[in-house]
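Top to bottom, those sequences are chains A and B. Each residue of the first sequence is one higher than the one before, starting from 229 at the first, in the numbering used here. Each residue of the second sequence is one higher than the one before, starting from 7 at the first, in the numbering used here. Even glycine gets a Cβ: it sits at the ideal position worked out from N, Cα and C. Report on the structure given below.
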Amino acid sequence: DAGVTQSPTHLIKTRGQQVTLRCSPKSGHDTVSWYQQALGQGPQFIFQYYEEEERQRGNFPDRFSGHQFPNYSSELNVNALLLGDSALYLCASSFGAGGKAFFGQGTRLTVV
Amino acid sequence: DAKTTQPPSMDCAEGRAANLPCNHSTISGNEYVYWYRQIHSQGPQYIIHGLKNNETNEMASLIITEDRKSSTLILPHATLRDTAVYYCIVRVVDSGYALNFGKGTSLLVTP
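As structure tokens, this is what we get:
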């Protein structure tokens, strides 16, 4: 049983560009959440998707957007990249909004 | 969700019990205590959670004080692979899914 899978594992982008990160949830899970983890900090909640809708959002600007597909997989899009967007982006899935969360290995984004 | 306070770092000898404390003095009656850990360069891993009774699973034990204002995660026989950052989080289960991670406790298990 594959767990939560994220792609790509590493990515380098230039300031001002746009990026799309992808996440496939654990089998049987229907809810996907995204987190940003800066170096030396704990993960910060970006948003959660359930039934293809954004259900909850953290304190992140509109440059951060997402999507959930009918097969429950999800994308995180970040526009107009800033140097400060460099971080590890984590995807977590669960069955239902309050279910136990399982995290992927993350995508390391570097903005230069 | 209530805030938590954890020591920034701890050491533990391999084979000994690791006891990681967490203060959550403003916890509400419907908030659970969750523990996650993050091994370097990996995603966080669920360990255990509880409401007011002590809990045990194959990974760890969770001891919650009677007034619920603090808790302790116990790794009974720490190994080198338990070296990680441990996060204590309090959350209302049905409030949504956002986990409010703090900075956690960096546990170093030494030979």
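Asked                                                                                                                                                                              : Found
For a contact defined as C-beta to C-beta under 8 Å, what are the partners of Lys254/A on chain B?                                                                                 : In chain order: nothing, as chain B lies at least about 12 Å away.
According to DSSP, is Arg87/B part of a helix, a strand, or is it coil?                                                                                                            : helix
List the whole-angstrom C-beta distance separating Tyr93/B from Tyr52/B, where the pair is believed to meet the contact cut-off of C-beta under 8 Å.                               : No, Tyr93/B and Tyr52/B are not in contact; Cβ-Cβ is about 10 Å, not under 8 Å.
Consult DSSP for Gly56/B and reduce its assignment to one of helix, strand or coil.                                                                                                : strand
On the three-pair Cβ rule with 8 Å, is the region 294 to 301 of chain A touching the region 277 to 286 of chain A?                                                                 : yes
What residues from chain A crowd round Tyr52/B, counting only those whose CB sits closer than 8 Å?                                                                                 : Lys328, Ala329, Phe330
Would the beta-carbon of Leu79/B fall within 8 Å of that of Ala66/B?                                                                                                               : yes
Check whether the region 231 to 241 of chain A touches the region 13 to 24 of chain B, taking contact to mean three or more Cβ pairs, one atom from each stretch, closer than 8 Å. : no
Could you please give me the residues that DSSP links to Ala325/A through a beta bridge?                                                                                           : DSSP, once it has assigned bridges, lists no residue as partnering Ala325/A.
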